[in-house]
């Protein structure tokens with residue numbers, strides 16, 4: 001009995017000794033760490049030294065003076081202002097206003113003229129966008145549907161005095177691709193009834209031949225026969241024509257101001273009209289004149305975004321039957337990247 005108690009006491013002492021050694025080492029280690037932290041922590045700042053020394057800051061680099069976008073917009077503005085200065089006569093009464101991205105600068109320049117001049121004019125839009133530009137500038141608005149009730153038309157002077165519009169591409173003969181904004185039906189109507197069409201664009205739109213950079217010919221079509229038109233375009237050499245999508249702004253196809261759809265039809269780069277002898281329709285190689293006429297033969301086509309044929313003065317010289325065939329500009333003002341403006345006349 002006594003022997004068993006002694007053994008129990010010895011086991012307890014051994015156990016206490018082990019724990020004591022463990023906790024002793026642990027407490028010693030913790031104390032040592034605390035001592036090191038205390039020694040490495042800087043003394044608290046006194047009241048006199050509580051202010052931090054000023055940190056020298058370098059100013060950020062200045063922003064670039066211009067960006068590529070700034071250069072393009074500057075070029076558009078310069079071209080628009082010069083076109084207005086050289087082609088807007090104070091005696092004019094009907095002015096066509098197009099729908100291109102450059103036209104806002106044309107309207108800007110017109111709006112800066114004295115009200116005594118612009119109040120006597122009426123501005124004919126080619127779509128909703130240009131209508132809103134005219135309204136925002138507080139210029140007199142005249143819809144093309146009301147144009148034919150004007151007294152000037154009763155007197156057989158059936159022309160808009162000048163039309164300012166842009167283009168997506170312009171070739172050496174001043175043939176144009178238009179319709180990137182899906183307004184080419186009304187743009188062509190206004191061009192047809194204008195004494196002269198003055199085109200305003202930036203340097204990126206200047207090409208030797210149409211469809212050099214632009215993806216395809218814009219074609220306004222009836223929604224009921226869109227697929228039939230698309231197949232007809234393939235039969236004359238179009239390379240995968242497609243219905244223009246409204247994405248990302250809206251689901252489904254683009255719907256024009258007139259409630260129609262737009263097909264973009266890629267073709268090989270077009271020839272100049274003066275190169276008609278090189279044309280090969282079996283391979284989809286066309287001149288602007290020939291392709292326009294061929295597409296118009298497809299049932300369901302409403303209008304084509306190729307502006308070719310006569311300009312205003314040429315149409316009038318050709319006689320009354322050709323008057324409404326005027327489509328081409330008489331001159332193009334190209335705003336260049338360096339801020340200058342180049343004027344181009346048709347290569348004859």
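Residue numbers (full-length UniProt numbering): 1 to 348. Built from N, CA and C at the ideal position, the CB exists for glycine as well.
DSSP three-state call for residue 335: helix, strand or coil? strand
Have a look at residue 86 and residue 197 and give me their C-alpha separation to the nearest angstrom. 13 Å
Can you name the start and end residues of the beta strand (DSSP E) that residue 205 belongs to? That residue, residue 205, is in no beta strand (DSSP E); it is neither H nor E in DSSP.
Within 10 Å of its beta-carbon, does residue 224 have 16 or more other beta-carbons around it, so buried, or fewer, so exposed? exposed
Any 3 or more C-beta pairs closer than 8 Å across the stretch 187-205 and the stretch 262-276: Touching, no.
Tell me the rounded alpha-carbon separation between residue 160 and residue 80. 19 Å
Does DSSP put residue 327 in a helix, in a strand, or in coil? strand
Are at least three pairs of beta-carbons, each pair with one atom in the stretch 268-283 and one in the stretch 208-217, less than 8 Å apart? By the Cβ criterion, the stretch 268-283 is in contact with the stretch 208-217, since at least three pairs of Cβ atoms, one from each stretch, lie closer than 8 Å.
Any idea if residue 78 is buried or exposed, counting beta-carbon neighbours within 10 angstroms, 16 or more meaning buried? buried
Tell me which residues share the same chain as residue 370 and place their Cβ nearer than 7 Å to its Cβ, disregarding the 5 neighbours each side in the sequence. This structure gives no information on residue 370, because the portion of the chain shown stretches from 1 to 348.
Under the rule that 16 or more other beta-carbon atoms within 10 Å means buried, what is residue 102, buried or exposed? buried
Nearest candidate by alpha-carbon position, reference residue 182, set 167, 318, 134, 213: 167
Are at least three pairs of beta-carbons, each pair with one atom in the stretch 228-235 and one in the stretch 295-310, less than 8 Å apart? By the criterion of at least three beta-carbon pairs nearer than 8 Å, the stretch 228-235 is in contact with the stretch 295-310.
Straight-line gap, residue 317 to residue 246 (C-alpha atoms, nearest Å): 42 Å
Could you pull out every residue in the same chain whose Cβ sits closer than 7 Å to the Cβ of residue 104, ignoring the five residues on either side in sequence? 133
Nearest-angstrom beta carbon gap, residue 312 and residue 267 [assumed within contact, 8 Å]: Going by Cβ atoms, the distance from residue 267 to residue 312 rounds to 27 Å, so no, they are not a contact pair.
According to DSSP, is residue 298 helix, strand or coil? coil
Leaving aside the five residues before and after residue 349 along the sequence, list all residues of the same chain whose C-beta is less than 8 Å from its C-beta, in chain order. Given a span of 1 to 348 for the chain in the structure shown, any question on residue 349 remains unanswerable.
Within 8 Å, strictly: CB atoms of residue 305 and residue 98: no
Should residue 164 and residue 254 be called a contact, given that it needs their Cβ atoms to be closer than 8 Å? no
In angstroms, rounded to a whole number, what distance separates the CA positions of residue 120 and residue 93? 6 Å
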